[in-house]
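What follows is a single structure, written as structure tokens, with notes after it.
Next comes the structure, spelled out in structure tokens:
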């Protein structure tokens, strides 16, 4: 089982990783962050992605779907932003977030690693 610090380090080991966070989408506050840059403020990204997750959860509920979000991909000109809500009993209300440089990141591998990290994360 991995703790928060190990999970963030694992996220940052992805090719092209710019920044990573574990975020509480009830408050919009990150529980932990690693990386970032002048153009990627992880506190702002955490709050903004919280709104994305909340909006999608509301939409799923309004549609009456019996579904859970697996992940959310936001594709920018130069970056990929991946959000993966956690579904474990003790980690509900949290999501993993990673931003990747689009020229160096591998989207399929990143999605696979996020799933592995989610399965092993113990909060």
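Numbering (my numbering), first residue to last: 172 to 294. Glycine is no exception: its CB is placed at the ideal position from the N, C-alpha and C atoms.
Once the 5 residues before and after residue i are set aside, which same chain residues still bring their CB inside 7 angstroms of it?
i, result
"residue 289", "255, 257, 267"
"residue 172", "Caution is warranted here: a pLDDT of 47 is assigned to residue 172, below 50, making its placement in the model unreliable, and no coordinate value can be reported."
"residue 195", "202, 264, 265"
"residue 277", "186"
Is it the case that the Cβ atoms of residue i and residue j are separated by a distance below 8 angstroms?
i, j, result
"residue 213", "residue 190", "yes"
"residue 216", "residue 270", "yes"
"residue 178", "residue 292", "yes"
"residue 273", "residue 249", "yes"
"residue 253", "residue 244", "yes"
What residues are listed by DSSP as bridge partners for residue i?
i, result
"residue 255", "267"
"residue 183", "DSSP, once it has assigned bridges, lists no residue as partnering residue 183."
"residue 199", "Beta-bridge pairing links residue 199 to no other residue."
Do residue i and the ligand PLP come close, with the Cβ less than 7 angstroms from some heavy atom?
i, result
"residue 186", "Annotation note on the ligand PLP: not contained in the displayed structure, which lists no ligands."
Going along the chain, which residues of its own chain have a beta-carbon closer than 6 angstroms to the beta-carbon of residue i, five neighbours each way excluded?
i, result
"residue 199", "218, 221"
"residue 211", "189, 190, 270"
"residue 279", "none"
"residue 205", "179, 183, 191"
If residue i and residue j are in contact, beta carbons under 8 angstroms, what's the gap, nearest whole angstrom?
i, j, result
"residue 185", "residue 284", "6 angstroms"
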